[in-house]
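Peer 1: Just remember that my numbering sits 413 ahead of the position in the sequence shown, which is counted from 1.
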Amino acid sequence: MKIICIGRNYANHAKELNNKVPTEPMFFCKPDSSILPNRNPLFIPEWTNDLHFEVELIVKINRLGKYIEEKHAHKYYDQVGLGIDFTARDVQQKCKEKGHPWEKAKAFDGSAVVSRKFLPLDQFKGIQDINFHLEKNGEKVQIGNTSDMIFSVDQIIAHVSQFMTLKMGDLIFTGTPAGVGPVAIDDKLEGYLEDQWMFKVPIK
Ligand code: MG
């Protein structure tokens with residue numbers, strides 16, 4: 414399986430990092446080795462001094478597809494989860510300056526938190542109206558609603574599937590809202606989809 418992550422999909426987050434709002438979805442991948450095993454803490458790698466959380470809605474692909482038309486994209490998923498796209502912001506900044514790929518900053522072991530449970534979409538009003546939030550040490554730090562995405566999930570699937578075949582079990586991280594920030598040893602991160610608790614990640 415693969416993980417596809419969308420960058421800069423919420424205007425207020427693009428702004429907080431002084432990035433331009435993109436005119437088409439931008440994406441990168443994380444390998445399956447980046448998934449943090451459930452209940453494991455995330456150990457801050459020794460090579461970063463600025464590890465950031467980015468809470469994101471995750472869409473799980475449930476059938477094989479390529480060149481999926483936007484109007485058919487909704488047939489390719491029926492469950493959503495929640496995760497964190499951990500980002501070594503200092504390393505990413507250096508990659509950006511050199512025009513290098515971001516994998517060192519984004520695809521390292523443990524950088525993908527994926528909720529153990531995925532919830533059926535019919536529990537929600539619709540894919541583009543889902544509230545989610547992240548708490549750090551019990552305080553809300555990021556609050557999002559999928560209606561604020563620049564590119565909808567169906568547009569993302571249509572775009573990405575022109576380049577990559579989507580397979581059953583692939584995950585799409587759909588971008589993070591504003592409020593990203595650093596973690597420190599002994600922090601605890603907890604994510605919620607609507608009012609449902611989805612994961613807890615202790616930082617070590
Ligand atoms: Mg992200």
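We put the CB at the ideal spot given by N, CA and C, even for glycine.
Can Phe-466 be considered in contact with the ligand MG, in the sense that its beta carbon sits closer than 7 Å to one or more heavy atoms?
Peer 2: Outside the cutoff, so no.
Peer 1: Just to confirm, does Phe-586 get its C-beta within under 7 Å of one of the non-hydrogen atoms of the ligand MG?
Peer 2: Checking every heavy atom of the ligand MG against the Cβ of Phe-586, one is found closer than 7 Å.
Peer 1: Is the separation between the beta-carbon of Pro-458 and that of Ala-520 shorter than 8 Å?
Peer 2: No; because the gap between Cβ atoms is not below 8 Å, this pair is not in contact.
Peer 1: Quick check: is any heavy atom of the ligand MG less than 7 Å from the C-beta of Cys-418?
Peer 2: The answer is yes for Cys-418.
Peer 1: Under a Cβ-count criterion, where at least 16 other Cβ atoms within 10 Å of its own Cβ denotes burial, should His-485 be classed as buried or exposed?
Peer 2: With fewer than 16 Cβ atoms within 10 Å of its Cβ, His-485 is classed as exposed.
Peer 1: Flag Glu-469 as yes when its Cβ comes closer than 7 Å to any non-hydrogen atom of the ligand MG, and as no otherwise.
Peer 2: It does: the Cβ of Glu-469 is within 7 Å (strictly closer) of some heavy atom of the ligand MG.
Peer 1: Only counting the same chain, and skipping five residues up and downstream in sequence, which positions put a Cβ closer than 6 Å to that of Asn-451?
Peer 2: Cβ within range, chain order: Arg-529.
Peer 1: Would you mind reading off the limits of the alpha helix (DSSP H) that contains Ala-518?
Peer 2: 516 to 519 is the extent of the alpha helix (DSSP H) around Ala-518.
Peer 1: Just to confirm, are Gly-588 and Asn-422 a CB contact at a threshold of 8 Å?
Peer 2: Result yes, Cβ atoms of Gly-588 and Asn-422 sit closer than 8 Å.
Peer 1: Please determine whether the Cβ atom of Asp-498 lies at a distance below 7 Å from any heavy atom of the ligand MG.
Peer 2: Answer for Asp-498: yes, Cβ within range of the ligand MG.
Peer 1: Could you round the C-beta distance between His-572 and Glu-437 to whole angstroms and report it? I think they count as a contact, below 8 Å.
Peer 2: Between Glu-437 and His-572 the Cβ distance is about 6 Å, and since that is below 8 Å, they are a contact.
Peer 1: Kindly indicate which three-state DSSP category Glu-482 falls into: helix, strand or coil?
Peer 2: Here Glu-482 sits in coil by DSSP.
Peer 1: Under a three-way DSSP split, which group does Leu-495 fall into?
Peer 2: In this structure, Leu-495 counts as strand in the three-state DSSP scheme.
Peer 1: Looking at C-beta atoms only, is the number of pairs between the region 462 to 469 and the region 560 to 571 that lie closer than 8 Å three or more?
Peer 2: At 8 Å Cβ cutoff, the stretches do not touch.
Peer 1: From what residue to what residue does the alpha helix (DSSP H) around Val-369 run?
Peer 2: Since the first residue of the chain shown is 414 and the last is 617, residue 369 is not available in this structure.
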